[in-house]
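Scroll down for the structure; my scribbles are underneath it.
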Amino acid sequence: GAVVSQHPSWVICKSGTSVKIECRSLDFQATTMFWYRQFPKQSLMLMATSNEGSKATYEQGVEKDKFLINHASLTLSTLTVTSAHPEDSSFYICSAHRRGHSSYEQYFGPGTRLTVT
Amino acid sequence: GQQLNQSPQSMFIQEGEDVSMNCTSSSIFNTWLWYKQDPGEGPVLLIALYKAGELTSNGRLTAQFGITRKDSFLNISASIPSDVGIYFCAGVTQGGSEKLVFGKGMKLTVNP
């Protein structure tokens, strides 16, 4: 159990367009989902914390108007990269916190590779 | 912000050898986690540590939570080719929403 999926697994878009990435908890309810960004050969950097039914909390330096997060249900959170630019190219990974469990139990999705041309 | 210093950054070993890696922090964490990430995949949790001084094993993996709560190490014994990947330590922040702070990772290469 505790499977998290992401869609798409990879996407290529043109500069200036928007891209939506979905994160789903397949077999559990997730009250909180986290969005990370990972550049090549770098560690995971937390972008934002997404709570079901409320506004996301963004980390310092992350533009909330550029990275729109919606957590409309207990099994789905979406990240929309608006007006994407080449510097937004990265590996985006989500994780989900299982409802009723301590926060360290974050289950990670397989990631989405975004390339902006 | 909080940062974790992970070392070494990479290791090349022969199959069957043991390997150790560690993580230090200037801040105290009450929970330490070790993850493994394969290329193009999300991290997978290997071991979780909750108490200072705790020593925990998971198969060939052994991890310890330092007494000062500012460090942790991970050992892999009798390495095999599928141990190849990037290993990350992570500390769980306290207060409000608990978040993970990751180390920079250690890339392990195992030569058959």
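Residue numbers (this note's numbering), protein chains in the order written: chain A, 73 to 189; chain B, 45 to 156.
Ideal Cβ positions, reconstructed from N, Cα and C, are used throughout, including at glycine.
Whose C-beta lies closer than 8 angstroms to the C-beta of LEU48 (chain B) among residues of the same chain, with five residues either side of it excluded? Within the same chain, and ignoring the five residues on either side of LEU48 (chain B) in sequence, the residues whose Cβ sits closer than 8 angstroms to its Cβ are CYS67, THR68, SER69, CYS133, ALA134, GLY135, VAL145, PHE146, GLY147, LYS148.
Exposed or buried, which one is ARG171 (chain A) when buried takes at least 16 other CB atoms within 10 Å? Flag for ARG171 (chain A) reads exposed.
Scan the region 117-151 of chain B for residues whose Cβ lies nearer than 7 angstroms to a Cβ of chain A and list them as they occur along the chain. The region 117-151 of chain B vs chain A, Cβ under 7 angstroms: PHE132, VAL136, SER141, GLU142, LYS143, LEU144, PHE146, GLY147, LYS148, GLY149.
Is GLY183 (chain A) close to chain B, meaning its C-beta is less than 8 angstroms from at least one C-beta of that chain? By this cut-off, GLY183 (chain A) is an interface position.
Are the CB atoms of THR184 (chain A) and PRO80 (chain A) nearer to each other than 8 angstroms? Between THR184 (chain A) and PRO80 (chain A), the C-beta gap is smaller than 8 angstroms, which places the two residues in contact.
Out of A:LEU186, A:ASP99, A:GLN101, state which residue places its alpha-carbon closest to the alpha-carbon of GLU159 (chain A). Of the candidates A:LEU186, A:ASP99, A:GLN101, the one whose C-alpha sits nearest the C-alpha of GLU159 (chain A) is A:LEU186.
Would you identify the three-state DSSP class for GLU159 (chain A), choosing helix, strand or coil? Helix at GLU159 (chain A).
Enumerate in chain order the residues of its own chain whose CB-to-CB distance from GLY129 (chain B) is below 7 angstroms, with the five nearest sequence positions on each side excluded. Residues LYS80, GLN81, ASP82, LEU152 of the same chain have their beta carbon placed closer than 7 angstroms to that of GLY129 (chain B), with the five preceding and five following residues left out of the count.
Near-chain A residues of the region 76-96 of chain B - C-beta to any C-beta below 9 angstroms: Within the region 76-96 of chain B, the qualifying residues are LEU77, TYR79, GLN81, GLY84, GLU85, GLY86, PRO87, VAL88, LEU89, ALA92, TYR94.
Where does ASP115 (chain B) sit, in a helix, a strand or coil, going by DSSP? In the displayed model, ASP115 (chain B) falls within a strand according to three-state DSSP.
Taking the straight line between their C-alpha atoms, what separation do you get for TYR131 (chain B) and TRP76 (chain B)? Going from the Cα of TYR131 (chain B) to the Cα of TRP76 (chain B) covers about 13 angstroms.
Exposed unless 16 or more other CB atoms sit within 10 angstroms - verdict on THR112 (chain B): Burial call: exposed.
C-alpha distance - MET119 (chain A) paired with TRP107 (chain A), whole-angstrom precision: Taken atom to atom, the span from the alpha-carbon of MET119 (chain A) to that of TRP107 (chain A) is near 6 angstroms.
Contact check, VAL76 (chain A) vs ARG96 (chain A), beta carbons under 8 angstroms: The answer is yes: Cβ separation under 8 angstroms.
Quick check on the burial criterion: 16 or more other C-beta atoms within 10 angstroms. Buried or exposed for ARG109 (chain A)? With 16 or more Cβ atoms within 10 Å of its Cβ, ARG109 (chain A) is classed as buried.
8 angstroms contact criterion, which ASN155 (chain B) and GLN58 (chain B) should meet: CB distance rounded: Their Cβ separation, rounded to whole angstroms, is 5 angstroms, which keeps ASN155 (chain B) and GLN58 (chain B) in contact under 8 angstroms.
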